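Top line first, the protein sequences correspond to chains F, A and L. Residue numbers 2 to 246, in the working numbering, belong to the letters of the first sequence in order. Residue numbers 477 to 803, in the working numbering, belong to the letters of the second sequence in order. Residue numbers -19 to 270, in the working numbering, belong to the letters of the third sequence in order. Think of the CB as a built atom: it goes at the ideal place given N, C-alpha and C, for glycine as much as any other residue. Because the structure is a prediction, the values reported are computed rather than measured. First the structure, in the form of structure tokens, and then the observations on it.
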Amino acid sequence: MSALAVKDLSKAFGGLKVTRGVSLDIAPGERRLIIGPNGAGKTTLFNLITGELTPDSGSIHLFGQDITKTPSRQRPHLGMARTYQIITLFARDTIIHNVLLALLGLSTARWNPITDIKHQGHLVEHGRAALERVGLAAIAERPLSQTSYGERRRVEIAMALAQNPKVLLLDEPFAGLSIDERRDVHKCLMAIPRDVTIVMIEHNMDVALEFAERITLLHFGEVIVEGTRAEVVDNPRTREVYLGH
Amino acid sequence: MNSTMSLRVFAIIIAVAALATLPLWMGGIYYINVASQILLYAVFALGLNVLVGYAGLTSLGHAGLFGVAAYATGYMLQLGYGHTESILVALLVGVASMAVYAVLSLRSTGIGFIMITLALGEILWGLAYRWISLTGGDNGINVPKRPAPFGYSLSNATNFYFTTLIVFLLVVVVMAIFVRSPLGAALRGTRDQPRRMNALGYHVWAIRFYACLFSGLLTAVSGILFVYYTQFISPQTLALTSSAEVLLMVIAGGPGTLLGPIVGAGLVVIVKTVVSGFIERWNFLLGAIFVAIVILMPDGLVPGTTRLWRLATRKRAPVAAKTEGAP
Amino acid sequence: MNFWLVLTVNSVTFGGLLFLLSAGFSLIFGLMRIPNLTHGSLFMLGAYVGATFVVGLLGFKLNFWLAAILATLAVAALGALAERLLLRRLPGDQLAQVLVTLGLSFMAADFCLMMWGGDPLNVATPDGLGGFVRFGTIAFPMYRLAIIVIAALVAIALWLLLDRTRLGAMIRAGVDDPDMARVVGIRVSQLFTIVFALGAGLAAFAGIIGGPILSVYPGLDQDMLPLALVVVILGGSGSLLGSFVGSIIVGFIYNFGQALLPELAYFVLFMPMLLVLLLRPQGLFGRHVP
């Protein structure tokens, strides 16, 4: 059974078809890279998979379960987590608070109007563990407003990891990072255990190619090429639409 | 960190002690009544702040809810029911009205939310003003007697003040607990990043709905205090101006803070009652304060002053930490 | 028969007044995306200033129409000033802008109370329009019919302005998409000032024209603002046709409601607005959701 199976997914905004019959079949534990030029519909595809957008047609299965009609807010409860290309964090709060919010989202404790959030012992522990994994535990109490861009990227990842997902969707986790920061992020991605399936959108080829096992190339909302790293890189159509320029 | 903590505890003790002994050192019934008004409006402002400050939803129809609870109390008493039944029914009516408000207005946020709540507030005002057989129209409803729980008569100013103070302190404690709770954190999350909260597994609408009910409950509590304080309720209490006034309290003091709405209530009530004795044009003054705060101190007096204070005492930790945090 | 006809004429008259009031409100809403909560105050200010000119200032009594024009210009200038000095400081922050207009409405109401006191001011019907027009057995007050004509003329003038002039084209572009308008080189901020002044002037004009039938009193602002709001939400913001149709609808609902269901008059008035907000938030003729 595949971890994530997308069949014939289509979406149009007005007359503009941004996703045209996209199908993906991602095995458990796989590292899948999705590439494609700007406007290829990569982020839209993520939004369809997470349910933030409703597809016009097609279906999405998570470990065999049809989640096409499942409200997006319930999908994290089924083991799906994502990060955002444009950093979407809680800027007024501390790093640990951001991660706690991610943990609370899956905990029934989120309806608790009484206990101090800092006294949710096991949650705080889990939050610190997630920060440990991305190397931010030492500055957990720092307000987000006092962190660097690279640290924020890692907070994004820590929030997703904290939810202990089975399928993790990473939207350009290396965007805008310096070489050193890229190495940090790369290190925390490599450390993610194999029971987590990862789908990643990335522009930055040198880091991403190293990470991925299979690659899907999207162009104008369609899957153009799919295969192993070598197959896709060697494919002339890849060079044509993507690596050519 | 520890010294500011103990400083805060010390300040709270002083403030509570000052409030508890107020009738002793504040000469005259007039000033005790002003203090009661500040406290009951502070409860109202804290209730509105749940939405404006913590949920990021600006309501311009809260006077309608405040008034509905007050009218419900007055009407029940007029029908001959006791105080307990009247108060319970008023709380229920207040929260139920808020539930209707919420179902209708939570379809949008921002300006849309303002306009729907404004429309709802106007509907309630219109009903109070024109549905004369129920509300008495412009003549309003009189509440001849204040209650005397356990034989403690609230008809004198000092006793009423202490009762209001107890309710106020209770509300402050409840608010302080709520703000620090997971649900409070979730609510602030829906204010700052609703889309992210949804993607993290939260039911954003439901969280906002519960926040509305909580806000409605506090608003109803303050409405009941109000009707017992003035022993009279008329449509004017539900007018847009009244909604604007309580919003002014929240915005002026500092939305999303615990102290802000209390300070705001103090400011507005003092300008309305005390300063109006010296300056006839207090409404003009209120409007000018409103405009000045929105333009010059958009996060309100309490956060604004705190910021100035930090600047003055040179506790500029944030800047230092920033350079150190960079890789 | 008589009763219904009179009620109908009154409804259309009131609708005409509402159109004058709400056309500007709608343009401001359409362009700046904010409900201008001073709009009722501008109406009241226009009415007071105009009435003062008519009653006589420093011994000079002005002709009604001259007074109307002067009051309109004065309030338009005030509107431009408020936009330039205050709203301009909060670009893009619609919530703060709404709050500023709310604060200004407090100030304006109190200012009027200080200048003109608490007693209602009655404005005499302008010369030559005090009589009645007879149709068979029914007599209509001539001034009410005149209001309908004036409102129609203003509607045509506004339509020509928006549809046939360069300024109108820029306003329409701004209403459709302010960012795009900015990109193609329209100075949107200038446009804000012009539209705010135009809206303020129209509201003031409505105030003085309405003076002889509504009279002028403290609280007039609070009576008119919600009506403008209902009109624009019904019709849709930024749409002239929307304000026109909305005004007539509200004119009828208001007058018939008052006459037939006095206890529920306001309920009947605000209910349609609520329904539109919920079912068709862009309004009957509007293009975007507030």
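Rounded Cβ spacing between T239/F and E31/F (contact assumed at less than 8 Å): Translated into positions along the first sequence, residue 239/F becomes position 238. Translated into positions along the first sequence, residue 31/F becomes position 30. Contact between T239/F and E31/F fails: their C-beta atoms lie close to 19 Å from each other, not under 8 Å.
Which listed residue (D668/A, A548/A, A496/A) has its alpha carbon closest to that of T634/A: What you label residue 634/A is simply residue 158 of the second sequence in a count that begins at 1. Closest option to T634/A, Cα to Cα, is A496/A.
Limits of the beta strand (DSSP E) - the one that A176/F falls within: Counting from 1 along the first sequence, the entry for residue 176/F is found at position 175. For A176/F, there is no enclosing beta strand (DSSP E), as DSSP gives it neither H nor E.
Presumed contact (8 Å Cβ cut-off) between P198/L and G98/L, rounded CB distance: Numbered from its first residue, the third sequence carries residue 198/L at position 218. Numbered from its first residue, the third sequence carries residue 98/L at position 118. Correct: roughly 6 Å between the Cβ atoms.
Cβ-based contacts, 8 Å cut-off: residues of the region 603 to 626 of chain A near chain L: Here the close residues are L603, Y605, R606, W607, I608, S609.
Cβ pair count under 8 Å reaching 3, the region -16 to -8 of chain L against the region 145 to 153 of chain L: When Cβ pairs closer than 8 Å are counted between the two stretches, the region -16 to -8 of chain L is seen not to touch the region 145 to 153 of chain L, the count staying below three.
V80/L: contacting residues in chain A (beta-carbon distance under 9 Å): Within the third sequence, the letter at position 100 stands for residue 80/L. Simply F766, V767, V770, I771.
For Y637/A and I738/A, the rounded distance between their alpha carbons: By 1-based counting over the second sequence, the position of residue 738/A is 262. By 1-based counting over the second sequence, the position of residue 637/A is 161. Roughly 16 Å between the two C-alpha positions.
Buried or exposed by the 16-neighbour rule on C-beta atoms within 10 Å, applied to P72/F: Translated into the one-based positions of the first sequence, residue 72/F becomes position 71. Taking all protein chains in view, the Cβ of P72/F is surrounded by fewer than 16 other Cβ atoms within 10 Å, so the residue is classified as exposed.
Any C-beta of chain F under 9 Å from that of Y547/A: Residue 547/A sits at position 71 when you count from the first residue of the second sequence. With 9 Å as the cut-off, Y547/A does not count as an interface residue toward chain F.
Same chain, Cβ closer than 8 Å to R155/F, five either side skipped, listed in chain order: Start at 1 with the first residue of the first sequence, and residue 155/F comes out as number 154. Spatial neighbours of R155/F in its own chain (CB-CB distance under 8 Å, excluding positions within 5 residues in sequence) are listed in chain order as V135, G136, L137, D185, V186, C189.
Pair within 9 Å by beta-carbon distance, T81/L and P158/L: For the purposes of this step, residue 81/L is taken as residue 101 along the third sequence, with counting starting at 1. For the purposes of this step, residue 158/L is taken as residue 178 along the third sequence, with counting starting at 1. No, Cβ-Cβ distance for T81/L and P158/L is not below 9 Å.
Distance between F9/L and A161/L (C-alpha atoms, nearest Å): Here residue 161/L is taken as the residue at index 181 of the third sequence, counted from 1. Here residue 9/L is taken as the residue at index 29 of the third sequence, counted from 1. A161/L and F9/L: Cα-Cα distance of roughly 16 Å.
Beta-carbon spacing of A180/L, A31/L below 9 Å: Residue numbering aside, residue 180/L sits at position 200 when the third sequence is read from its first letter. Residue numbering aside, residue 31/L sits at position 51 when the third sequence is read from its first letter. Not closer than 9 Å, so no.
8 Å Cβ shell around A491/A - same chain, five flanking residues per side excluded: One-based indexing of the second sequence puts residue 491/A at position 15. Take A491/A, set aside five residues on each side of it, and no residue of its chain has a beta-carbon closer than 8 Å to its own.
Same chain only: Cβ atoms within 7 Å of A715/A, ignoring 5 sequence neighbours per side: Residue 715/A sits at position 239 when you count from the first residue of the second sequence. The beta carbon of A715/A is closer than 7 Å to those of A539, W601 in its chain, skipping five residues each way along the sequence.
S3/F: contacting residues in chain A (beta-carbon distance under 9 Å): Taking the first residue of the first sequence as position 1, residue 3/F is located at position 2. Chain A residues near S3/F: none, gap ~22 Å exceeds 9 Å.
Which of helix, strand or coil DSSP assigns to H679/A: To locate residue 679/A, count along the second sequence from 1; it is residue 203. In the structure shown, H679/A sits in coil (DSSP, three-state: anything other than H, G, I, E or B).
Reduced DSSP category for Q66/F - H, G, I as helix; E, B as strand; rest coil: Here residue 66/F refers to the residue found at position 65 when the first sequence is read from its first residue. Reduced to three states, the DSSP call for Q66/F is strand.
For F120/L, the nearest candidate out of P261/L, F(-17)/L, L258/L, F265/L (CA to CA): Taking the third sequence and counting its residues from 1, the one referred to as residue 120/L is at position 140. The residue from P261/L, F(-17)/L, L258/L, F265/L with its alpha-carbon nearest to that of F120/L is F(-17)/L.
Euclidean distance between Cα positions of P114/F and H127/F: Working through the first sequence from its first residue, we reach residue 114/F at position 113. Working through the first sequence from its first residue, we reach residue 127/F at position 126. Separation of P114/F and H127/F (C-alpha to C-alpha, rounded to the nearest whole angstrom) is 21 Å.
Top-ranked residue by Cα proximity to G(-5)/L, from V211/L, L255/L, F250/L, V256/L: Taking the first residue of the third sequence as position 1, residue -5/L is located at position 15. That would be V211/L, whose Cα lies nearest to the Cα of G(-5)/L.
Proximity test, Cβ basis, 9 Å: P803/A and chain L: The residue you call residue 803/A lines up with position 327 of the second sequence. Note that P803/A has pLDDT 35, beneath the 50 cutoff, so the model's placement of it is unreliable and no number is given.
Straight-line gap, E598/A to P206/L (C-alpha atoms, nearest Å): Here the question's residue 598/A lines up with position 122 in the second sequence. Here the question's residue 206/L lines up with position 226 in the third sequence. Distance between the alpha carbons of E598/A and P206/L: 8 Å.
Pick from G660/A, R757/A, G588/A that is closest to W112/F, judged by C-alpha positions: Indexing the first sequence from 1 puts residue 112/F at position 111. Comparing Cα-Cα distances from W112/F to each of G660/A, R757/A, G588/A, the minimum goes to G660/A.
Touching by the beta-carbon criterion (3+ pairs, under 8 Å), the region 666 to 686 of chain A and the region 91 to 111 of chain F: By the Cβ criterion, the region 666 to 686 of chain A is in contact with the region 91 to 111 of chain F, since at least three pairs of Cβ atoms, one from each stretch, lie closer than 8 Å.
Nearest neighbour of L178/L, chosen from G226/L, E63/L, A88/L, I229/L [CA to CA]: Looking up residue 178/L in the third sequence gives position 198. Of G226/L, E63/L, A88/L, I229/L, the smallest CA-CA separation from L178/L is found for E63/L.
Any chain L beta carbon closer than 9 Å to G710/A: Residue 710/A sits at position 234 when you count from the first residue of the second sequence. Rather than Gly, the amino acid found at residue 710/A in this sequence is Ser. Answer no: the Cβ-Cβ gap between S710/A and chain L never drops below 9 Å.
Proximity test, Cβ basis, 9 Å: E756/A and chain L: As a working note, residue 756/A is residue 280 in the second sequence. Answer yes: the Cβ-Cβ gap between E756/A and chain L drops below 9 Å somewhere.
Nearest to G730/A (by Cα), restricted to the options A494/A, T480/A, V528/A: Sequence index remark: in the second sequence, residue 730/A carries index 254 (1-based). When only C-alpha atoms are compared, the closest one is V528/A.
Own chain partners of T45/F with C-beta closer than 8 Å, once the 5 adjacent residues on each side are dropped: If you number the first sequence from 1, residue 45/F lands on position 44. So the list reads K12, V19, T20, L54, G222, once near-sequence residues are dropped.
Per-residue DSSP class, three states only, for H204/F: Taking the first residue of the first sequence as position 1, residue 204/F is located at position 203. If DSSP states are grouped into helix, strand and coil, H204/F belongs with coil.
Same chain, Cβ closer than 7 Å to G42/F, neighbours up to 5 away in sequence not counted: As a working mapping, residue 42/F is identified with position 41 in the first sequence. Excluding its 5 nearest sequence neighbours in each direction, G42/F has C-beta neighbours in its own chain below 7 Å: V19, T20, L219, G222, listed in chain order.
Contact with chain A by F91/F, beta-carbon distance below 9 Å: To locate residue 91/F, count along the first sequence from 1; it is residue 90. So, interface residue.
D157/L - DSSP class collapsed to helix/strand/coil: As a position in the third sequence, residue 157/L is number 177, starting the count at 1. Coil, per DSSP.
Residue-chain proximity (M95/L, chain A), Cβ-Cβ < 9 Å: Against the third sequence, residue 95/L aligns to sequence position 115. Cβ-Cβ to chain A under 9 Å: no for M95/L.
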